[in-house]
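Enquirer: Add 445 to a position in the sequence shown, counting from 1, and you land on the number used in our numbering.
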Amino acid sequence: MEPDLSPVVFVVDDDPAMRDSLVFLIGGVGHECVAFPSAEAFLAGGRRDRPGCLVVDVRMPGMSGLDLQQALKAEGTTLGIVFITGHGDVPMAVRAIRDGAVEFLEKPVNDQMLLDRIGDAIRKSIAATQLRRRRAEVEARRNRLTPRERAVLDLVVAGKPNKSIAAELDISVKTVEVHRHNVMEKMEVRSAVELARLFSSCLGGNP
Numbered sequence: 446m447e448p449d450l451s452p453v454v455f456v457v458d459d460d461p462a463m464r465d466s467l468v469f470l471i472g473g474v475g476h477e478c479v480a481f482p483s484a485e486a487f488l489a490g491g492r493r494d495r496p497g498c499l500v501v502d503v504r505m506p507g508m509s510g511l512d513l514q515q516a517l518k519a520e521g522t523t524l525g526i527v528f529i530t531g532h533g534d535v536p537m538a539v540r541a542i543r544d545g546a547v548e549f550l551e552k553p554v555n556d557q558m559l560l561d562r563i564g565d566a567i568r569k570s571i572a573a574t575q576l577r578r579r580r581a582e583v584e585a586r587r588n589r590l591t592p593r594e595r596a597v598l599d600l601v602v603a604g605k606p607n608k609s610i611a612a613e614l615d616i617s618v619k620t621v622e623v624h625r626h627n628v629m630e631k632m633e634v635r636s637a638v639e640l641a642r643l644f645s646s647c648l649g650g651n652p
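#1: Could you pull the DSSP bridge partners for Cys498 from this structure?
#2: Quick check on the DSSP output: the beta strand (DSSP E) that includes Val479 runs from which residue to which?
#3: List the DSSP bridge partners of Phe549.
#4: Leaving out five residues before and five after Leu450 in sequence, what residues of the same chain have Cβ atoms less than 8 Å from its Cβ?
#5: Can you give the Cα-Cα distance for Met632 and Ala596, rounded to whole angstroms?
#6: Please state whether DSSP places Val638 in a helix, a strand or coil.
#7: Report the CB separation of Gly510 from Asp502 in whole angstroms; it is logged as a contact under 8 Å.
#8: From the DSSP output, in three-state form, read off Leu614 for me.
#9: Would Pro606 be called buried (16 or more neighbouring beta carbons within 10 Å of its own) or exposed?
#10: Does DSSP put Met508 in a helix, in a strand, or in coil?
#11: Let's see if you can read the secondary structure: which residues bound the alpha helix (DSSP H) around Leu590?
#12: Buried or exposed: Gly650, going by 16 or more other Cβ atoms within 10 Å of its Cβ?
#13: Ordered along the chain, which non-local residues of its own chain (more than five positions away) have a Cβ less than 8 Å from that of Leu614?
#14: Quick one: what does DSSP say Ala566 is sitting in, helix, strand or coil?
#15: Quick check: what's the CA-CA separation for Ala484 versus Gln515?
#16: Return the first residue and the last residue of the alpha helix (DSSP H) that Asp465 is part of.
#17: Are the beta-carbon atoms of Leu470 and Leu559 separated by less than 9 Å?
#18: Which value, in whole angstroms, describes the spacing of the CA atoms of Arg568 and Arg577?
#19: With a 10 Å radius around its C-beta and 16 neighbouring C-beta atoms as the bar for buried, classify Gly525 as buried or exposed.
#20: In terms of alpha-carbon separation, which member of Phe549, Arg493, Gly545 lies closest to Arg535?
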């Protein structure tokens, strides 16, 4: 089954009227929107395996919006976060942005500005989610390699020719060729250039 990459916008706010207003605004432009009355409720019931945006109030009873941001950061979320607050200050905004928030908006929020920032957050989240899933695919392929094939992979990605690989691993050039063929087949690439590009784009060039 293909992973679900359709975005969702989560609204987390303890004010029912504000929640309803945000859901009406966000849903009105075609986004799937799900609301929660608290950070705890979101953590308990919000699906976080899809890309999207979290629109969250800063100050709420129990866990604050900033605390929720930290919890999601520790979780490795790809959700983009847009903070809204009626009690913001500069240090709070700086902290939120420094920790990866897309925007920090003060109430009353300009509707178009909010929708624009949600769009930015969704685009970033989709790109991050696709990269994460691509990395997982590459890791799964690499895990099919034998220890010797992984050693050959490392050296191929480093740009070493077969003769150098053979000398470094103390094996014959023919054996290198066999391992290299297996690496290409298991990694699902056709050339060393394609292999290097795969690791450069997905894993920062580090096999």
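For every residue, glycine included, the Cβ atom is placed at its ideal position computed from N, Cα and C.
Expert: Quick look at the numbers:
#1: Listed as beta-bridge partners of Cys498 by DSSP are Val454, Gly525.
#2: 478-481
#3: DSSP lists Phe528 as partners of Phe549.
#4: Counting only Cβ-Cβ distances below 8 Å, and skipping sequence neighbours, we find Arg495, Pro496, Ile571, Thr574, Gln575.
#5: Met632 and Ala596: Cα-Cα distance of roughly 14 Å.
#6: helix
#7: 6 Å
#8: Here Leu614 sits in helix by DSSP.
#9: exposed
#10: Correct three-state label for Met508: coil.
#11: No alpha helix (DSSP H) holds Leu590; DSSP gives it neither H nor E.
#12: Caution is warranted here: a pLDDT of 49 is assigned to Gly650, below 50, making its placement in the model unreliable, and the coordinate value is therefore given only provisionally. Gly650 is exposed by the Cβ-count criterion.
#13: Arg593, Ala596, Val597, Leu600, Val621
#14: helix
#15: 11 Å
#16: 461-473
#17: yes
#18: 14 Å
#19: buried
#20: The question names Arg, yet the displayed sequence has Val at residue 535. Closest by alpha carbon: Phe549.
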